[in-house]
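Asks: For the sequence shown, the working numbering gives the first residue as 133, with consecutive numbering after it.
Glycine is no exception: its CB is placed at the ideal position from the N, C-alpha and C atoms.
After the structure tokens below, expect a handful of questions from me.
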Amino acid sequence: MPPHSQLDIPSLLKRIPLFSELSDADIQLVTRYTRDRRVARGEVLFQRGDQPHGFYFVVSGQVKLAFSSSQGTEKVVEIIGPMQSFGEAVMFMNHPYPVFAEALTETVLVHVGQAVVTELIDQDSTFAHKLLAGMAIRLHGLIQDVETYSLRSSTQRVIGYLLQVADSDTPCEIALPTSKQVIASRLNLTPETLSRIFHDLSEAGLISVHGKRITLRDPARLSRYNA
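Okay, structure coming up:
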């Protein structure tokens, strides 16, 4: 990743699906309303209750979206990785953020101001349709998450997550992209339950666990386990 001051903002904007078909002139317009930002691990981008003024696009690193209960427990709603955006829907609701955003690693982002998105909507109905389509895809993903938590067992959730990260039908080793505590929260599990499931899968000869590195010995058999 180039130094913070050397990011090619116009090229990055073209990689955002929402802006992929904009003309060069429109990209230059968006660039004027865009700022880049590098944040350290653990740095908070915004707190729950803050007012949004645009949306973010992750260039590198990871950001978790989460909220804390009155008892102090944390629920991770989503983990945003490179080439993913977040905050578009809240930007138009005129409501404060319902979650907080915290960098899980050193992260580079760009922030696109709300004013230029509103201007593009007013002048181009196709752009508005793409924006709605993007938000609909995000909503569909969240609905799938709720279905997963409601209808799948704890073990099935963990297996599904491992297979998604691996994205391979052959034996392979993966590196967990974040801490086991964050992954457990994302899967609506306690860290203790996640550790127990990893142990059970290891005992069954399906995986090997070495810290944050996990070997999937037989992905096909793993996908059939506890089906």
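Please classify residue 172: does DSSP put it in a helix, a strand, or coil?
Replies: Counting from one through the sequence shown, the residue named residue 172 turns up at place 40. Three-state result, residue 172: coil.
Asks: Using the Cβ count rule (16 or more neighbours within 10 Å means buried), how would you classify residue 234?
Replies: As a first step, residue 234 must be located in the sequence shown, where it is residue number 102. Looking at its Cβ environment, which holds 16 or more other Cβ atoms inside 10 Å, residue 234 is buried.
Asks: Output needed for residue 230: all residues of its chain with C-beta closer than 8 angstroms, excluding positions within five of it in sequence on either side, in chain order.
Replies: Here residue 230 refers to the residue found at position 98 of the sequence shown. The answer, listed in chain order, is 180, 199, 222.
Asks: Do the segment 179-198 and the segment 207-218 meet, that is, are 3 or more Cβ pairs less than 8 angstroms apart?
Replies: Segments in contact, yes.
Asks: Should residue 318 go down as buried or exposed, given a rule of 16 or more other Cβ atoms within 10 Å for buried?
Replies: To locate residue 318, count along the sequence shown from 1; it is residue 186. Under this definition residue 318 is a buried residue.
Asks: Here's a check: name, in chain order, each residue in its chain whose Cβ is nearer than 7 angstroms to the Cβ of residue 182, leaving out the five neighbours to either side.
Replies: Taking the first residue of the sequence shown as position 1, residue 182 is located at position 50. Excluding positions up to five away in sequence, the list reads 228, 229.
Asks: How should residue 174 be labelled, buried or exposed, when 16 other C-beta atoms within 10 angstroms of its C-beta is the threshold for buried?
Replies: For the purposes of this step, residue 174 is taken as residue 42 along the sequence shown, with counting starting at 1. Counting Cβ neighbours within 10 Å, residue 174 comes out exposed, since fewer than 16 surround it.
Asks: Using a threshold of 8 angstroms, state whether the C-beta atoms of residue 171 and residue 145 are closer than that.
Replies: Stepping through the sequence shown from its first residue, residue 171 is reached at position 39. Stepping through the sequence shown from its first residue, residue 145 is reached at position 13. Not closer than 8 angstroms, so no.
Asks: In terms of DSSP beta bridges, what is residue 197 paired with?
Replies: Here residue 197 corresponds to residue number 65 of the sequence shown, with the count starting at 1. DSSP lists 210, 233 as partners of residue 197.
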